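Undergrad: Numbering (our numbering), first residue to last: 1 to 198.
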Ligand SMILES: CC(C)(COP(=O)(O)OP(=O)(O)OC[C@H]1O[C@@H](n2cnc3c(N)ncnc32)[C@H](O)[C@@H]1OP(=O)(O)O)[C@@H](O)C(=O)NCCC(=O)NCCS
């Protein structure tokens, strides 16, 4: 069954009608599921919210959220889009991960920020096989590559390349796989490769 077109919030029991084969934990909600594509075999753990924002502060948006097959979305996730969020295949997110492709506009000093339109700095893409650590926040306009590790409590504000480990706020790459040396190395000019990670 196709999800209804817009302006709707759906909770667990109803979601199974629109997303057969997807496992939802307790108290999950999807706002505007017509704009949210979730592959079969995905698990969305409890109290997770997925919101496609089609209207805010008098502006309309055309959001799109896609979660690829085999993904495991941890509990208390918040995924919100007014632009585009693509999560590849077999991506694991720990609990309390936020993925939001927009900010509240703040430039108009005559209005409270909550009454100003939201603004996207660009779509978000998370590559196949990546792991997003506990409590991390992925910001607007960021592309995370394949098989990337994002350390716990990181704030990712810049692109992160394939096969790397990035940590902190803002997240910086601390390990990257070197295809020539076939080893995981610390980034920088004098690449130091790490024993035991070959
Ligand atoms: C990133 C992580 C996976 C470790 O990866 P690793 O390749 O073994 O990296 P290391 O432990 O060698 O750490 C590399 C550097 O990053 C730092 N670092 C590691 N994790 C960090 C984090 N979350 N935030 C900030 N710095 C971190 C280390 O202190 C170290 O710094 P140094 O080189 O100055 O000593 C781990 O620290 C982490 O954050 N795991 C997430 C846990 C989680 O969310 N679990 C939920 C289960 S689904």
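C-beta: ideal position from N, C-alpha, C; glycine also. Keep in mind it's a predicted model, so treat the numbers as computed, not measured.
I want to know whether the stretch 90-102 touches the stretch 118-137 - three or more CB-CB distances under 8 Å.
TA: Yes, the stretch 90-102 is in contact with the stretch 118-137.
Undergrad: Can the beta-carbon of residue 61 be found less than 8 Å from the beta-carbon of residue 54?
TA: In this structure, residue 54 lies closer than 8 Å to residue 61 by Cβ.
Undergrad: In chain order, what residues of the same chain lie with their CB nearer than 8 Å to the CB of residue 160, ignoring the 5 residues before and after it?
TA: Excluding sequence neighbours, residue 160 sits near 142, 143, 144, 145, 148, 150, 166, 171 and 173.
Undergrad: Grab me the residues of residue 198's own chain with a C-beta within less than 6 Å of its C-beta, minus the 5 sequence neighbours each way, in chain order.
TA: Bear in mind that a pLDDT of 49 at residue 198, under 50, signals an unreliable position, so the model cannot answer this.
Undergrad: For a test of the three-state rule: what should DSSP assign to residue 55, helix, strand or coil?
TA: Reduced to three states, the DSSP call for residue 55 is strand.
Undergrad: For the stretch 100-109 against the stretch 66-74, are there 3 or more C-beta pairs whose distance is under 8 Å?
TA: In short, these stretches do not touch, since the Cβ pair count stays below three.
Undergrad: Closest to residue 120 by C-alpha separation, out of 28, 126 and 139, would be which residue?
TA: Ranking 28, 126 and 139 by Cα distance to residue 120 puts 139 first.
Undergrad: Is residue 16 helix, strand or coil when you go by DSSP?
TA: In the structure shown, residue 16 sits in a helix (DSSP, three-state: H, G or I).
Undergrad: With a Cβ-Cβ cutoff of 8 Å, do residue 127 and residue 88 count as a contact?
TA: Yes.
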